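*Asks:* Below is one structure. I have some questions about it.
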Amino acid sequence: LTSSENPIVLAWWKPESTVCQAVAPNLKYLGVMLPYTPLNHILLKEIGLPLVMTSGNLSEEPIAKDNDEAIRRLSGIADYFLVHNRDIYARYDDSVTFFERDDVQIARREAGK
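Its first residue numbered 269, the sequence shown is counted upward by one per residue in the numbering used here.
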């Protein structure tokens, strides 16, 4: 979690978890991350609770190319949208890692790395 890549780390879903099952239905892992941008830090400080965030896509779909597409495709699962008037020129996914026998494995490397 604290490496310079700021990865999303896949963690086993625990039945006693306080995270709603609807966050990742029918999955045995939950991706967790630490805040790594100033905006992440501000949001977490102000809200004071863990947040569910997405990079603007459903599983196995490309990241939305603009605010309108994100709202259209994700309004059925998202309670709120944080949007900006800045265009998206490049769509990047975060790195995703997991542990296997105490070794870090890369499930997906961030685009461009």
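Beta carbons: idealized from backbone N, C-alpha and C, even for Gly.
Here the structure is a predicted model, which means the values were calculated and not measured.
#1: Could you pull out every residue in the same chain whose Cβ sits closer than 6 angstroms to the Cβ of G380, ignoring the five residues on either side in sequence?
#2: Which two residues bound the contiguous alpha helix (DSSP H) that contains L307?
#3: Of all the options P275, Y357, I339, I315, which has the alpha carbon lying nearest to the alpha carbon of L302?
#4: Is it true that the region 351-361 meets the region 327-334, where meeting means three or more beta-carbon pairs spaced less than 8 angstroms apart?
#5: Name, in chain order, the residues that DSSP records as bridge partners for I276.
#6: To the nearest angstrom, how far is it from the Cα of L312 to the Cα of T270?
#7: Put R251 into one of helix, strand or coil per three-state DSSP.
#8: In terms of alpha-carbon separation, which member of V300, R340, Y304 lies closest to G324?
#9: Thinking just about the alpha-carbon of each residue, which of L317, A375, V372, S327 is nearest to the one in P293?
#10: Since W281 and Y304 should fall inside the 8 angstroms C-beta cutoff, what is the C-beta to C-beta distance between them, to a whole number of angstroms?
*Replies:* Judging by the given coordinates:
#1: Low confidence applies here, because G380 scores a pLDDT of 48, under 50, leaving its location unreliable; read the following figure in that light. Closer than 6 angstroms at Cβ, skipping near neighbours: no residue.
#2: 306-315 is the extent of the alpha helix (DSSP H) around L307.
#3: When each option's Cα is compared against that of L302, the closest is P275.
#4: With a cut-off of 8 angstroms on Cβ pairs, the region 351-361 is in contact with the region 327-334, counting three or more such pairs.
#5: The partner list for I276 (beta bridge, DSSP) reads V364.
#6: Straight-line Cα distance between these residues: approximately 17 angstroms.
#7: Look at the range of the chain in this structure, 269 to 381, and you will see that residue 251 is not part of it.
#8: Measuring from the Cα of G324, the nearest candidate turns out to be R340.
#9: For the residues L317, A375, V372, S327, the minimum Cα distance to P293 belongs to S327.
#10: About 23 angstroms separates the two Cβ atoms, so there is no contact after all.
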